[in-house]
Amino acid sequence: MQQGGGFLPYKTTTTVNLGYGLARAGKRVLVIDTDAQSNSTYSLLGTLDQEQTLFDVLTQGVRMADTIVESVGQKGLFVAPGSINLSAADLLMASAPGRERKLARALNQVKDDFDYVLIDTPPNLGVLTVNSFIACTDVIIPIALTTYALIGISILETTMQELRENLDVSLPIFGVVANLDDHTRLSTDVLSAVREHFGDMVFDTVIPRNIKVEEAHNQIACLFDYAPTSTGAIAYSKLVKEVLQRAEGN
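The sequence shown begins at 1 in the UniProt record's numbering and counts up one residue at a time.
What follows is the structure in structure tokens.
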């Protein structure tokens, strides 16, 4: 199962903590960082100084297997690292034959080595984001419960529908993760609107804003080890259980 999201806040935080949680549950997990900011890469490796990265896979034909590195904070959690060079990938890949499916072809070589593959996408729609959508089997959408949440959802759904129609991909939504910035009437109203729009696709778990989550990322630490009793760790632990239940029915 490959899962990715985009255009919306919390995509990296969701990816990293799901990765940690799934690996702690005994799963072999690969995080693919297609974002030039490479926040997932840094959060899991503590460095952006990698000899080969996803940029080399997509533009130089390097095998993805040759770029994958195990995270420093959790056994069983691996990273196909991003780099700042990915900012030029859209331009370099623009005229390449089959450019939309380069990531999917590279991933096919290694996907059977992992139980879960999580793709952290760029914040904008470009060749890398399209590659991410085509490479994934399901989409997880992280949503911030703010005034602009529904606008972001509309943009994302329009993009996904265009890809379904033009590139013959299914892109089913696996789940929607609600992230709470603050406890206000607005947040409650937006959550109600999101649940009405997506129905059962919205996970029961709502992720609260918690400083320990950011601290763990800054310390290059697994949240579940760094602050196991924090509200963030407890919420992400519940989310991981929901993901496993949906994916595996147990």
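Heads up, the beta-carbon is just placed ideally off N, CA and C, and yes, glycines get one too.
Taken through DSSP and simplified to helix, strand or coil, residue 110 comes out as coil. Beta-carbon to beta-carbon, residue 118 and residue 159 are separated by about 19 Å, too far to satisfy the 8 Å threshold. The C-beta of residue 199 has fewer than 16 other C-beta atoms within 10 Å across all chains shown, which makes the residue exposed. Taking 8 Å as the cut-off, the Cβ atoms of residue 41 and residue 49 do not count as close. One thing to note: residue 45 has its Cβ within 8 Å of the Cβ of residue 69.
The beta carbon of residue 72 sits closer than 8 Å to the beta carbons of 44, 45, 46 and 220 from its chain, once the five residues preceding and following it are set aside; these are given in chain order. Taking a contact as a CB-CB distance under 8 Å, the pair residue 180 and residue 206 counts as one, their CB atoms being some 5 Å apart. At least 8 Å separates the beta-carbon of residue 89 from that of residue 133. Rounded to the nearest angstrom, the Cβ distance from residue 177 to residue 122 is 18 Å, too far for a contact under 8 Å.
Where residue 39 is concerned, the enclosing alpha helix (DSSP H) starts and stops at 39 to 45. For residue 77, the uninterrupted beta strand (DSSP E) segment begins and ends at 77 to 80.
Each of 144, 149, 120 and 145 was checked against the Cα of residue 135, and the nearest Cα belongs to 120. Just so you know, the alpha carbons of residue 104 and residue 83 end up roughly 19 Å apart. Less than 8 Å separates the beta-carbon of residue 19 from that of residue 31. Going by C-alpha positions, residue 37 is about 30 Å away from residue 204. Residue 51 is not bridged by DSSP to any residue.
Rounded to the nearest angstrom, the gap between the Cα atoms of residue 86 and residue 213 is 26 Å. For residue 116, the uninterrupted beta strand (DSSP E) run begins and ends at 116 to 120, by DSSP.
With a threshold of 16 other beta carbon atoms within 10 Å, residue 166 falls short and is exposed. Annotated three-state conformation of residue 221 is coil, per DSSP. The beta carbon of residue 76 is closer than 6 Å to those of 23 and 28 in its chain, skipping five residues each way along the sequence.
For residue 84, there is no enclosing alpha helix (DSSP H), since its DSSP letter is neither H nor E. Contact between residue 64 and residue 110 is confirmed by a C-beta separation of about 5 Å, below the 8 Å threshold.
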